[in-house]
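In this note's numbering, the protein residues as written are 298 to 491. Here is the structure we will look at, set down as structure tokens.
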Amino acid sequence: MCGYEMGYIRLSQPYLDTTSVNTVTWAISSQCKNPEKALEFLNLTYTDPDVVNLIVFGLEGRDYVKVSDREMVFPEGLDANTVPYTAQFSCGVVGSQFKQLVHEGTPEDNNDLMYKENHESKISPAFGFTFDSTPVKAEYTAVTNVIDQYLPGLVWGSIEPDTELPKFLTALQEAGMDDIIAAKQEQLDAWAAQ
């Protein structure tokens, strides 16, 4: 797709924690007028390849061309930036990625690898625990502001880590990071005791 052979290098082992699951959790609002129908549609995105491919890739022939039972390409002269519709960056978020087409050239064992990693990942001993930050709301906001101030520059290398990292850590302490950690540990201990 980009004109170069691509691959990946594993930087860490697959790990499943509560945040991993909560990031892609679907729900039907209590205000929904037709919850049964909403659930039926949601279920279709996990069971019907036509539905999930329509949502992710758009209209076959216009937005993508199916080249095999499992692969697709963009129509001639078009790419992800120029097709009339694509939501391909929602792959794995909308419906079952195992029901979706893949881009031509995706390794045959890609879904097998994803399935294996989904089922064999190490699971956090705190899986299921969710922190309630309400008791430390002010500290949480202050720490978030510090992170927003320093982290992008540290991650992207636009600020000097030798001087800015110590400032970042000090600012986190002053903003109340230790209070957040203590509150989270208290909640985790209570959760684990149950």
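Glycine residues also receive a C-beta, built at the ideal position from the N, C-alpha and C atoms.
Item                                                                                      : Value
Residue 425 versus residue 326 - alpha carbon distance                                    : 22 Å
C-beta contact flag for residue 401 and residue 364 at 7 Å                                : yes
Contact set for residue 392: own chain, Cβ-Cβ below 6 Å, skip 5 residues either direction : 342, 343 and 349
Delimiting residues of the beta strand (DSSP E) encompassing residue 369                  : 368-370
Terminal residues of the alpha helix (DSSP H) in which residue 348 lies                   : 346-354
Under the three-state DSSP convention, the category residue 444 falls into                : helix
Among 490, 437 and 484, nearest to residue 470 - alpha-carbon criterion                   : 437
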